[in-house]
Amino acid sequence: MTRLSPDFVEEMKRYSHDTALACFNCGTCTAICPLIDEHFPRRMIRYVQIGAKDRILENAPELWKCLHCGLCTQTCPREANPGEIILGLKRMVVAHWRKS
Amino acid sequence: MYHPRDIIEAIAANLRTTRNPFGIPHFMVNRWWRKSGLTTGGDALLFTGLMYQFIPYIETSTAYLAKYEDSPLNAYLRYARYVPGYFSGLGLATITPGREKRKFDRILQDIVKLLKASGVDFGYRPELDRYSGILLYDLGDQEGFVRHARWLADRLRKAGVKKLITVDPHTTYALKELFPEYTGARFEVHPYFELLRLKGGNGRRTVALHDPCFYGRYLGLSDVPARALADLGIDCAPLDRSGAYTHCCGGPAESISPSLAVEVGRRRLDQLEATGAPIVAMCPICLGNLRKLGADVQDLSSVLAETLQ
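Going down the list, the protein sequences come from chains W and B. So the first sequence is residues 1 to 100, counted in the working numbering. So the second sequence is residues 1 to 309, counted in the working numbering.
And the structure:
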């Protein structure tokens, strides 16, 4: 069972720009990403939208595969800035690890 | 793949205690300038940010990381943060071959030659030339990055620095975009190729110029190095993935997953090799990662400096 945190989008404002809700999950970011990894970064952005913080923490190491190359941000049709959302998630996870 | 937490905490601890992400003492890592005859004056300060100097050490350490990636031994990396920074740094400096260090020092010496030939009024102060902290920013240690960036910005401000000449895209991005946002310090920042005023050359030839993500996409500067090459009779072969749509070299993954860095780098190298032209890079991370794949890659500064001879 996945626990959802409705306030997670608010929490993420501390770590990155508030753009996750602009994403309509088209998958352009995943198609263009040089990692060619099944659902990265789209799935992580979906988790932010629905507040699935636990899922993000469970899969946290995956975030560091991101090369921060910016191609996803360059091509996002919604200007949702996926690259910065991933960077914000890294910051959130680092803060979480240090607290725990 | 290594656990990101182990890598981040080791780098953060080194940077906090030694101001160097690998713990290498400053006088050992920054030696390229000793015979350059540079003065401390001038209108602008040359600021390398130590990225080119770091590459030989990165190559040594990632060779070990590649060896133990996904082996049971990689769990021991979690203890790296407890090893005193200078202790591990001295060890790394000792096992890194001198010829590799000299290779990267020559790139900086070529940049000096190019700036002098262009009549740029600049100086160098090795004690001020420190690492920008950009790796911690990319890894998501925002607290560590901001703390280090404020320390560096403060040193530069107190020294009266206003104008900086940079040599790599990561330091350029940090000083131009991140320092104003996170430290409030605003410097006039120019990558060295923006200041070159060289004409001529010795006959036309073509190269495959690899745009790094930070120049091509984040800073939108791809046209400038291409123009500097064209002014010296060197054309850039057309590439499908260049400028704002350039393809990553894979290098940024090398600490967390050396195998991923190879996989992504191989894809980029195929695109560059398809042009049939000699490959040129202008970022130390790209240069290091593409060379690691066996490619014969020259730095932009070396290609430009060859035309001066």
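Beta carbons are placed, not taken as given, at the ideal position from N, Cα and C, and that holds for glycine.
N-terminal and C-terminal residue of the beta strand (DSSP E) that residue i is part of
{"i": "L45 (chain B)", "result": "A44 to F47"}
{"i": "I285 (chain B)", "result": "Note, I285 (chain B): premise wrong, no beta strand (DSSP E); alpha helix (DSSP H) at P284 to K292."}
{"i": "H210 (chain B)", "result": "Taken as a continuous stretch (DSSP letters only), H210 (chain B) belongs to no beta strand (DSSP E), as it is neither H nor E."}
{"i": "V106 (chain W)", "result": "No answer is possible for residue 106 (chain W): the residues shown for chain W start at 1 and end at 100."}
{"i": "C76 (chain W)", "result": "Note, C76 (chain W): premise wrong, no beta strand (DSSP E); not H, not E."}
{"i": "V93 (chain W)", "result": "Here V93 (chain W) belongs to no beta strand (DSSP E); instead the alpha helix (DSSP H) covers P82 to K99."}
{"i": "I36 (chain W)", "result": "Note, I36 (chain W): premise wrong, no beta strand (DSSP E); not H, not E."}
{"i": "V280 (chain B)", "result": "I279 to A281"}
Distance CB(residue i)-CB(residue j) smaller than 8 angstroms
{"i": "P278 (chain B)", "j": "A208 (chain B)", "result": "yes"}
{"i": "D168 (chain B)", "j": "M51 (chain B)", "result": "yes"}
{"i": "M269 (chain B)", "j": "L304 (chain B)", "result": "Reading off the sequence shown, one finds Leu at residue 269 (chain B), where the question assumed Met. No, the pair does not count as a contact, with Cβ atoms beyond the cut-off."}
{"i": "L196 (chain B)", "j": "G123 (chain B)", "result": "no"}
{"i": "Q271 (chain B)", "j": "L219 (chain B)", "result": "no"}
{"i": "A185 (chain B)", "j": "L156 (chain B)", "result": "yes"}
{"i": "G70 (chain W)", "j": "G88 (chain W)", "result": "no"}
{"i": "A261 (chain B)", "j": "A253 (chain B)", "result": "yes"}
{"i": "F47 (chain B)", "j": "T183 (chain B)", "result": "no"}
{"i": "Y57 (chain B)", "j": "A93 (chain B)", "result": "yes"}
{"i": "V9 (chain W)", "j": "G140 (chain B)", "result": "no"}
{"i": "R5 (chain B)", "j": "W97 (chain W)", "result": "yes"}
{"i": "T307 (chain B)", "j": "G201 (chain B)", "result": "yes"}
Enclosing alpha helix (DSSP H) for residue i [first to last residue]
{"i": "L65 (chain B)", "result": "M51 to Y68"}
{"i": "P191 (chain B)", "result": "Element bounds for P191 (chain B): not the alpha helix (DSSP H) but the beta strand (DSSP E), E188 to P191."}
{"i": "T18 (chain B)", "result": "P4 to T18"}
{"i": "I107 (chain B)", "result": "G98 to A117"}
{"i": "I56 (chain W)", "result": "K53 to E58"}
{"i": "V161 (chain B)", "result": "From DSSP, V161 (chain B) is part of no alpha helix (DSSP H); its letter is neither H nor E."}
{"i": "Q309 (chain B)", "result": "Unbroken run through Q309 (chain B): none, as it is neither H nor E."}
{"i": "D296 (chain B)", "result": "Looking at the DSSP string, D296 (chain B) is not in any alpha helix (DSSP H), and its letter there is neither H nor E."}
{"i": "C29 (chain W)", "result": "T28 to I32"}
{"i": "L45 (chain W)", "result": "Per the sequence shown, residue 45 (chain W) should be read as Ile rather than Leu. Run containing I45 (chain W): R42 to I50, per the alpha helix (DSSP H) assignment."}
{"i": "D223 (chain B)", "result": "D223 to A230"}
Contact belief for residue i with residue j at Cβ below 8 angstroms, rounded distance in angstroms
{"i": "D110 (chain B)", "j": "S302 (chain B)", "result": "5 angstroms"}
{"i": "D138 (chain B)", "j": "H68 (chain W)", "result": "5 angstroms"}
{"i": "C249 (chain B)", "j": "G233 (chain B)", "result": "So it is not a contact: roughly 26 angstroms between Cβ atoms."}
inquiry  = Along the stretch 39 to 58 of chain B, where does the CB come closer than 7 angstroms to a CB of chain W? Name the residues.
reply    = Those residues of the stretch 39 to 58 of chain B that come within reach of chain W (Cβ to Cβ, closer than 7 angstroms) do not exist; the list is empty.
Practice task
With 7 angstroms as the limit, tell me which residues of the stretch 6 to 28 of chain B have their beta carbon closer than that to any beta carbon of chain W; keep them in chain order.
Solution key: I8
Item to complete: Examine the Cβ distances between the stretch 170 to 184 of chain B and the stretch 139 to 154 of chain B and report whether three or more of them are shorter than 8 angstroms.
Response: The stretch 170 to 184 of chain B vs the stretch 139 to 154 of chain B: in contact.
(Q) Any contact between the stretch 282 to 291 of chain B and the stretch 210 to 219 of chain B? By contact I mean 3 or more CB pairs, one from each, below 8 angstroms. (A) yes
**OP:** Examine the Cβ distances between the stretch 43 to 61 of chain W and the stretch 13 to 26 of chain W and report whether three or more of them are shorter than 8 angstroms.
**Re:** yes
Assess contact between the stretch 97 to 106 of chain B and the stretch 129 to 139 of chain B, defined as three or more Cβ pairs (one per stretch) separated by less than 8 angstroms. Is contact present?
no
Using Cβ-Cβ distances below 8 angstroms, what residues of the stretch 28 to 42 of chain W are close to chain B?
P34 and L35
**Q.** Interfacial residues, the stretch 68 to 85 of chain W to chain B, with Cβ spacing under 9 angstroms
**A.** H68, C69, G70, L71, T73, Q74 and T75
For this session: Could you list the residues in the stretch 103 to 123 of chain B with a C-beta less than 7 angstroms from some C-beta on chain W, going in chain order?
Result: none
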